[in-house]
Each structure stands twice: as structure tokens, then as C-alpha cells.
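Asks: Everything in the sequence shown is counted per the numbering used here, starting at 1 for the first residue and increasing by one. The C-beta atom is built at its ideal place from N, Cα and C for all residues, glycine as well. Since we're looking at a predicted model, the values are computed, not measured.
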Amino acid sequence: MSQMLTAGVRWTIHDVELFAENEGTRYEIVDGELFITRAPHFKHQQTCGRIFQQLNIWSDSTGLGEAVINPGVLFSESDNVIPDVVWATKETLAVMLDEEGHLTGAPDLIVEVLSASKSDERRDKEAKLKLYSSRGVKEYWIADWRSRKLEVYRREQNQLKLVETLFSSDNIISPLLPGFSCTVDQFFPI
1 MSQMLTAGVR WTIHDVELFA ENEGTRYEIV DGELFITRAP HFKHQQTCGR
51 IFQQLNIWSD STGLGEAVIN PGVLFSESDN VIPDVVWATK ETLAVMLDEE
101 GHLTGAPDLI VEVLSASKSD ERRDKEAKLK LYSSRGVKEY WIADWRSRKL
151 EVYRREQNQL KLVETLFSSD NIISPLLPGF SCTVDQFFPI
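#1: For W145, tell me which candidate among F187, A94 and V30 has the shortest Cα-Cα distance.
#2: For W141, report the span of its beta strand (DSSP E) as first-last.
#3: Which partner residues of L177 appear in the DSSP bridge assignment?
#4: Taking 8 Å as the cut-off, decide whether the C-beta atoms of E28 and I82 are in contact.
#5: Using three-state DSSP, classify W87 as helix, strand or coil.
#6: By how many angstroms is the C-alpha of R123 removed from the C-alpha of Q45?
#7: Compare the Cα-Cα distances from R26 to each of N70, V9, Q159 and Q53 and report the closest residue.
#8: Could you tell me which whole alpha helix (DSSP H) segments of length 4 or greater appear in the region 99 to 161?
#9: Would you call the CB atoms of L160 and V137 closer than 8 Å?
#10: On the criterion of 16 or more Cβ atoms from any shown chain inside 10 Å, does V30 qualify as buried, or is it exposed?
#11: Rounded to the nearest angstrom, how far is the Cβ of S174 from that of E139, given a contact under 8 Å?
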């Protein structure tokens, strides 16, 4: 569940640093717009864990990159997000990971898991899609644990475009992840 503050203010990471520490609250800024998100549904978190697990097992076996849950991605002062899961090649991490452990540029793959509210869905399917597309993310997955489907966006002609919608029994493969394959159902809790 998220809340968007819109008062004509253009927010930056410096503004968020002034907020009181609030356990379970996540602050994200997309194009200067502040999104406040509370702790997600239990099954949302299970979905994040399952996607991470599949990517992590594949990454360990190939040595091609690393997967992580909820990393900070600092594209700029006014574009600061915390995706649900990311995967990046070792080369990307060597260039983009700062001393504080935040990515300062586009990971290769970003995964967002949808929450129930329409504002959260708008954030993931519109604001974040536009941000990730403009910042060079190569692939973007939007997982919906309620309907057990996965939307796959890939970079085509310098833009992320929806290339397929996969359901429970479908296999997810990606040119970005050579040899990676699992059924979409493996991403979702029972």
C-alpha cells in the first residue's frame, strides 16, 4: 500500500534523509515524485524471495552475476528507488556499486512485484517503467502473485517494451540470462 505526496514539490534524496527513521516504511522518488510504501503483503514478500532464489541459484551456477532483494538504486538525486529484486552482471556491479552499497546506475534486470493498490500498480507499470526504460535497464519483470502472471519487458530500440505475458505453466527464459529457465509458477507461493 503506498501513498503519493503531490504538492508541486520536487523531492530529492536530500529531503528523504531528513525524515525520521520509520521502520517498515520505504521512500522512493521517481522524477521528483515521492512515493511512500508500507510493508507489503506476506505473499508479496514470498514472491520476492522465490524470484530471488531462482535467480540466485542460476547466478551461483554460472558465475555471471548477482541477484539481490530490495537494493537501493540511486539513478540521481530525484530518481531513487528500491526495487523488489534486481540482477546485475559482475561487470555492471563493478562499475555501478558505490561505497555505501547502492547501485548508482541501471542493473541489468529489475523485478517489481505488484501490490494491491491502484497507486502502487500505477507506480510500477507507469512511473517505474518509464524510469527504468530511460535509465538503460535491459529487462524488467512485473510479477502479479494474485493472478500468477509475469509481464516481461525487454529493451528494444532504446526502450523497454512488453514482449510477453507469462502464466503459471509457462517457462521464463531470457537472452539476458543464458540457460536460465523455470516455470512461472515457481515464483509464486501456494
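Replies: Quick answer:
#1: Position 145 of the sequence shown, counted from the first residue, corresponds to residue 145. Among F187, A94 and V30, the Cα nearest to that of W145 is on F187.
#2: For this step, residue 141 is matched to residue 141 along the sequence shown. Segment E139 to D144, the beta strand (DSSP E) holding W141.
#3: Position 177 of the sequence shown, counting from 1, holds the residue named residue 177. For L177, which the question treats as bridged, DSSP gives the partners S174.
#4: Residue numbering aside, residue 28 sits at position 28 when the sequence shown is read from its first letter. Residue numbering aside, residue 82 sits at position 82 when the sequence shown is read from its first letter. For E28 and I82, yes; Cβs fall inside 8 Å.
#5: Position 87 of the sequence shown, counting from 1, holds the residue named residue 87. Correct three-state label for W87: strand.
#6: In the sequence shown, counting from the first residue as 1, residue 45 sits at position 45. In the sequence shown, counting from the first residue as 1, residue 123 sits at position 123. Approximately 18 Å between the Cα atoms of the pair.
#7: One-based indexing of the sequence shown puts residue 26 at position 26. Looking at the Cα atoms, N70 is the closest of the given residues.
#8: 118 to 122 and 128 to 135
#9: As a first step, residue 160 is located in the sequence shown; it is residue number 160 there, counting from the start. As a first step, residue 137 is located in the sequence shown; it is residue number 137 there, counting from the start. Yes, the Cβ-Cβ distance between L160 and V137 is below 8 Å.
#10: Position 30 of the sequence shown, counting from 1, holds the residue named residue 30. Its Cβ being crowded by 16 or more others within 10 Å, V30 is buried.
#11: Reading the sequence shown from its first residue, position 174 is the one you call residue 174. Reading the sequence shown from its first residue, position 139 is the one you call residue 139. With a Cβ gap of about 6 Å, S174 and E139 count as contacting.
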